[in-house]
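In our numbering, the protein residues as written are 741 to 1047.
Working notes for the structure below.
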């Protein structure tokens, strides 16, 4: 009887910014500019890390891959948001919602792991400089990048399957800007405890574990830097790490607040803002941070655009 009374949900309604009807056009313009900046900024980083001879090092190899990942990551959410803002049709099919969630998580986990790889690269460069060319050879770099992309795929596909196997028998309105676990779990009826625990465990595994690796790497880096005799040497060593640290803080800070805080502390407005922060703001700042704080990148950009 209970199953017979369940309504099969074939689509969801993403509220997005529908509560701001007078700002739809303005928001479309803002997010269009943001997406264009992400494509151009990260695209330029990919190009210069490929063609500039002075940037053919593991650090910039990882940066080029990270920039490509940022483009893919934002392309999962922003184009869909732009279509909704332009057409005012905020519906998304059940299947498309599942696909968006799955790709969002696969690319998000790849970003977490790649940030950890970049931290390890800085650790080897600063703490073991004589062994750096041997440890971080091209084969190892390729393996680390490939592992970052694929290691979480099976787990995240299964996690997405578990989320979308829940019964969505209530209202089909997602008060969010795209499909992801927190708002979907709020719509599910019946017992969602096991799925919520599963989401938390996966978040701990793929968010906290890389973060702890990053933290451990930087603790050792800071200890090594403080032992350097010259002030200029310490300043140079810190400058090579500061850009990466800023990206880590932006991405991990907002993502951890959304996924690791108790459900009772969730508020719709804050979750929306934080979700936009780690899916939109961080990819915008990535090329800015690395270009403005890196002399090698600035020199490469001047060669590419001499005027």
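Think of the CB as a built atom: it goes at the ideal place given N, C-alpha and C, for glycine as much as any other residue.
Query: Give the DSSP-derived three-state secondary structure of residue 751 in the structure shown.; Result: strand
Query: Check this for me: beta carbons of residue 919 and residue 832, under 8 angstroms apart or not?; Result: yes
Query: Are at least three pairs of beta-carbons, each pair with one atom in the stretch 1018–1030 and one in the stretch 774–781, less than 8 angstroms apart?; Result: yes
Query: For residue 935, which of 968, 898, 963 and 961 has the nearest alpha-carbon?; Result: 898
Query: If you measure between the beta carbons of residue 850 and residue 892, is that distance less than 8 angstroms?; Result: yes
Query: Measure the C-alpha to C-alpha separation of residue 879 and residue 864 and round it to an integer number of angstroms.; Result: 16 angstroms
Query: If you drop the 5 nearest sequence neighbours on each side, which residues of the same chain put their C-beta closer than 7 angstroms to that of residue 895?; Result: 942
Query: Do residue 752 and residue 914 come within 8 angstroms of each other at the CB atom, strictly closer than that value?; Result: yes
Query: Near residue 817, which residues of its chain fall below 8 angstroms by C-beta distance, leaving aside the five closest residues on each side in sequence?; Result: 840, 844, 917, 918, 1019 and 1020
Query: Near residue 954, what residues of its chain come up, given a Cβ to Cβ distance below 7 angstroms and the 5 sequence neighbours on each side ignored?; Result: 855, 856, 859 and 988
Query: Decide if residue 921 is buried, meaning its Cβ has at least 16 other Cβ atoms within 10 Å, or exposed.; Result: buried
Query: What span of residues does the alpha helix (DSSP H) with residue 888 cover, start to end?; Result: 878–890
Query: According to DSSP, which residues form a beta bridge with residue 907?; Result: 929
Query: Under the three-state reduction of DSSP, which class applies to residue 827: helix, strand or coil?; Result: helix
Query: Per DSSP, what kind of secondary structure is residue 822 in: helix, strand or coil?; Result: helix
Query: Alpha carbon to alpha carbon, how far is residue 789 from residue 800? Give it in angstroms, no decimals.; Result: 6 angstroms
Query: What is the DSSP secondary structure of residue 952, counted as helix, strand or coil?; Result: helix
Query: Who are the near neighbours of residue 968 in its chain, counting only those whose CB is closer than 6 angstroms to its CB and skipping five residues on each side?; Result: 974
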